Amino acid sequence: MRVAVVGAGAAGCFCAVLLGRRLPGSHIDLFEKGPVPMAKLALTGGGRCNLTNTFAEVGDLKKVYPRGAQLMRRALSRFSPRDTMAWWEAEGVRLHEEDGGRIFPDSQDAMQIVRTLRRGLDKAGVILYTRSAVSSLSDLRSYDAVLLASGGGALSMLEGSGIAMEAPVPSLFALSLEDKGLRSLSGISLPGVRLSLPGTAFHSEGALLLTRSGISGPAVLRLSSYSARYLHDNGYRGELSVCWVPGGEDEVLHMLEAALARTPARLLSSVPPEGIPSRLWELLLSRAGLRADLRCAEAGQKGLRRLASLLTSDTFKIAGKAPFKDEFVTCGGVSLQEVNSADMQAKKIPGLFFAGEVLDVDAVTGGFNLQAAWSTAYMAAEGIVSRLTQSGK
Ligand SMILES: Cc1cc2nc3c(=O)[nH]c(=O)nc-3n(C[C@H](O)[C@H](O)[C@H](O)COP(=O)(O)OP(=O)(O)OC[C@H]3O[C@@H](n4cnc5c(N)ncnc54)[C@H](O)[C@@H]3O)c2cc1C
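According to the working numbering, the sequence shown is numbered sequentially starting from 21.
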């Protein structure tokens with residue numbers, strides 16, 4: 021039995037280890053175009069590797085997998101986060117949970133994950149070829165099964181195969197904004213804002229970080245994931261609406277009136293609403309045309325209405341996308357219509373399997389992308405084993 025795995029990333033290496041254990045005596049070749057395997061895995065989670073998530077806070081899977089939720093429902097039922105954690109712990113990797121259900125190795129070291137898989141490959145007798153880019157599937161004709169786990173790139177390999185692909189575009193990025201005032205507040209973070217793209221259904225909630233070029237943080241990364249293709253198609257330009265405090269405009273206006281009435285003699289600039297840092301409050305006051313030296317009692321109705329409007333639907337011009345160094349993924353890849361979701365096999369080319377980011381599956385941050393790699397690799401491994409054992413090869 022001869023199996024070729026293309027791509028020594030998380031999905032390819034995990035699948036190769038599983039195959040080596042399930043098919044002793046088989047011949048498994050793992051081709052990696054880079055000089056070392058798992059180069060990206062070593063960088064995950066800022067070097068700490070957020071390798072999965074408990075999913076305890078996940079309601080709707082579409083909220084974490086904007087693309088591929090349906091496939092992931094099936095994949096997670098076959099190889100769940102619990103299975104993932106049990107697998108790693110059985111390999112001697114102790115794990116712990118952090119906020120948001122994120123799971124990390126106790127060692128806080130992504131290299132422990134890399135080394136564990138590397139050991140698994142060696143023990144399973146997988147033959148790793150580095151600096152060995154596969155340029156065409158036809159080069160692999162002699163194998164009984166092929167796993168394509170080449171991540172976000174290398175889709176050119178499938179050109180002419182008849183397999184449809186969704187064009188790859190980046191996901192998980194920060195946004196540059198044209199607003200100089202906001203950019204001057206770099207470093208400020210807010211615990212909970214609501215972001216939306218006016219005229220679309222794209223929106224997200226969560227913490228926000230003001231940066232030198234615009235905004236970042238969980239709410240922005242989530243919005244970039246939900247709207248990855250829309251923003252790409254619009255050249256990363258357009259309007260962004262920010263709701264700084266929860267509630268509608270009237271509700272916030274009443275909240276402001278009541279709060280200011282309690283402290284009539286204080287400076288307006290000294291009484292920011294809960295969760296709004298003072299420097300941002302000062303900026304919002306000036307944008308609402310309210311002088312910083314006004315007393316609370318002196319803020320007129322019109323000014324307060326402008327302020328309530330800004331607090332609930334402030335708008336900014338998006339000037340482009342900005343890098344987010346901790347994690348990024350590709351939206352797009354092999355169309356899920358092309359893949360049999362029971363075993364990750366190509367419908368049009370029997371014997372060709374897919375796993376990981378090469379598929380049109382991607383997630384928000386939190387360990388969900390690596391879970392997709394583990395689960396789809398597991399299903400592909402099962403599919404390959406079943407194909408090879410049934411055919412008696
Ligand atoms: C900086 C960073 C941090 C991240 N942190 C996290 C995190 O903490 N948690 C999380 O869940 N996700 C994280 N992600 C996302 C996660 O790393 C990916 O979703 C995951 O690595 C995808 O695994 P993969 O095996 O499908 O693809 P990859 O890891 O991209 O591996 C594909 C491999 O295939 C090779 N290859 C490509 N073309 C060819 C070819 N033609 N021939 C041979 N080899 C080829 C590539 O060189 C690569 O090694 C992060 C991503 C980045 C960039």
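All residues carry an ideal CB built from backbone N, CA and C; glycine is no exception.
Because the structure is a prediction, the values reported are computed rather than measured.
When you measure from the CB of V349 to every non-hydrogen atom of ligand 1, does any distance come out below 7 Å? The residue labelled residue 349 in the question sits at position 329 within the sequence shown. For ligand 1, at least one heavy atom lies less than 7 Å from the Cβ of V349.
Nearest CA to the CA of S329: which residue from Q365, E377, F344 and V272? By one-based count along the sequence shown, residue 329 stands at place 309. Measuring from the Cα of S329, the nearest candidate turns out to be V272.
V78 versus V84: straight-line alpha-carbon distance, rounded: Position 58 of the sequence shown, counted from the start, is the residue given in the question as residue 78. Position 64 of the sequence shown, counted from the start, is the residue given in the question as residue 84. Looking at the two C-alpha atoms, the distance is approximately 7 Å.
CA-to-CA distance, E302 to W108, given in whole angstroms: Translated into the one-based positions of the sequence shown, residue 108 becomes position 88. Translated into the one-based positions of the sequence shown, residue 302 becomes position 282. Those two C-alpha atoms are separated by around 50 Å.
In its own chain, which residues sit with a C-beta less than 6 Å from the C-beta of G140, not counting the 5 before and 5 after it? Residue numbering aside, residue 140 sits at position 120 when the sequence shown is read from its first letter. For G140, where only same-chain residues beyond five positions count, the Cβ hits under 6 Å are V37.
Identify the residues that DSSP records as bridge partners of E225: which are they? Along the sequence shown, one-based indexing puts residue 225 at 205. In the DSSP output, where bridge partners are listed per residue, E225 has R214.
From R151 to D159, what does the alpha carbon distance come to, in whole angstroms? Position 131 of the sequence shown, counted from the first residue, corresponds to residue 151. Position 139 of the sequence shown, counted from the first residue, corresponds to residue 159. R151 and D159: Cα-Cα distance of roughly 16 Å.
Do the segment 346-356 and the segment 162-172 make contact, defined as three or more Cβ pairs closer than 8 Å? yes
Let me check understanding here. Comparing Cα to Cα, which of G371, W394 and A392 lies closest to Q410? One-based indexing of the sequence shown puts residue 410 at position 390. Cα-wise, what sits closest to Q410 is G371.
Decide if the segment 119-128 is in contact with the segment 380-393; the criterion is three or more beta carbon pairs, one per stretch, under 8 Å apart. yes
According to DSSP, residues forming a beta bridge with E259: Working through the sequence shown from its first residue, we reach residue 259 at position 239. In the DSSP output, where bridge partners are listed per residue, E259 has K337.
Using DSSP's beta-bridge definition, name the partner residues of V23. Within the sequence shown, the letter at position 3 stands for residue 23. I48 and A165, per the DSSP bridge assignment.
Simplified DSSP assignment, three categories, for D270: Against the sequence shown, residue 270 aligns to sequence position 250. DSSP places D270 in helix when its eight states are reduced to three.
Give every residue of the same chain whose Cβ lies closer than 6 Å to the Cβ of Y149, excluding the five residues on either side of it in the sequence, and list them in chain order. Here the question's residue 149 lines up with position 129 in the sequence shown. Contacts found: F51.
Beta strand (DSSP E) segment containing V381, residue limits: Residue mapping note: residue 381 aligns to position 361 of the sequence shown, counting from 1. Element bounds for V381: n/a, residue is neither H nor E.
Chain D within 8 Å of V240, Cβ atoms only: In summary, chain D is missing from the structure at hand, where a single protein chain is found.
Rounded to a whole number of angstroms, what is the C-alpha to C-alpha distance between A281 and E198? As a position in the sequence shown, residue 281 is number 261, starting the count at 1. As a position in the sequence shown, residue 198 is number 178, starting the count at 1. So the alpha carbons of these two residues sit roughly 35 Å apart.
Considering only residues of the same chain and omitting the five flanking positions on each side of K337, which have a CB-CB separation below 6 Å? For the purposes of this step, residue 337 is identified with residue 317 of the sequence shown, where counting begins at 1. Same-chain partners within the cutoff: E198.
Report buried or exposed for D382, applying the criterion of at least 16 other Cβ atoms within 10 angstroms of its Cβ. Locating residue 382 in the sequence shown gives position 362, where the first residue counts as 1. Label assigned to D382: buried.
Taking the beta strand (DSSP E) that M464 belongs to, which residues open and close that run? An answer regarding residue 464 cannot be provided, because it is not within the stretch 21 to 413 covered by the chain.
Is it buried or exposed, K341, if we count other Cβ atoms within 10 angstroms and call 16 or more buried? One-based indexing of the sequence shown puts residue 341 at position 321. The residue in question, K341, is buried, as its Cβ has 16 or more Cβ neighbours within 10 Å.
On the CB-based measure, 16 or more other CB atoms within 10 Å of its CB, does I147 come out buried or exposed? Working through the sequence shown from its first residue, we reach residue 147 at position 127. Exposed, since its Cβ has fewer than 16 Cβ neighbours within 10 Å.
Excluding the 5 residues flanking S333 on each side, which residues of the same chain have their C-beta closer than 8 Å to its C-beta? In the sequence shown, counting from the first residue as 1, residue 333 sits at position 313. So the list reads S261, V262, C263 and E269, once near-sequence residues are dropped.
Tell me Q365's beta-bridge partners as DSSP assigns them. For the purposes of this step, residue 365 is taken as the residue at position 345 of the sequence shown. For Q365, which the question treats as bridged, DSSP gives the partners N360 and F373.
Have a look at the DSSP bridge pairing and note the partners of Y149. Indexing the sequence shown from 1 puts residue 149 at position 129. In the DSSP output, where bridge partners are listed per residue, Y149 has F51.
Alpha-carbon spacing of R242 relative to M21, whole angstroms: Indexing the sequence shown from 1 puts residue 242 at position 222. Indexing the sequence shown from 1 puts residue 21 at position 1. One C-alpha to the other measures close to 43 Å.
Residues near L304 by beta carbon distance below 8 Å, same chain, minus five either side: As a working mapping, residue 304 is identified with position 284 in the sequence shown. Once the five neighbours on either side are set aside, the close Cβ partners of L304 are W264, I296, L327, L330, L331 and D334.
Within 8 Å, do at least three Cβ pairs link the segment 198-216 to the segment 65-77? no
Helix, strand or coil: how does DSSP classify F388 here? For the purposes of this step, residue 388 is taken as residue 368 along the sequence shown, with counting starting at 1. Three-state DSSP puts F388 in a helix.
In three-state terms, what does DSSP make of A118? Numbered from its first residue, the sequence shown carries residue 118 at position 98. Residue 118 is actually Glu in this sequence, not Ala. Strand at E118.
If you draw a straight line from the C-alpha of G88 to the C-alpha of L230, how long is it? For this step, residue 88 is matched to residue 68 along the sequence shown. For this step, residue 230 is matched to residue 210 along the sequence shown. Those two C-alpha atoms are separated by around 31 Å.
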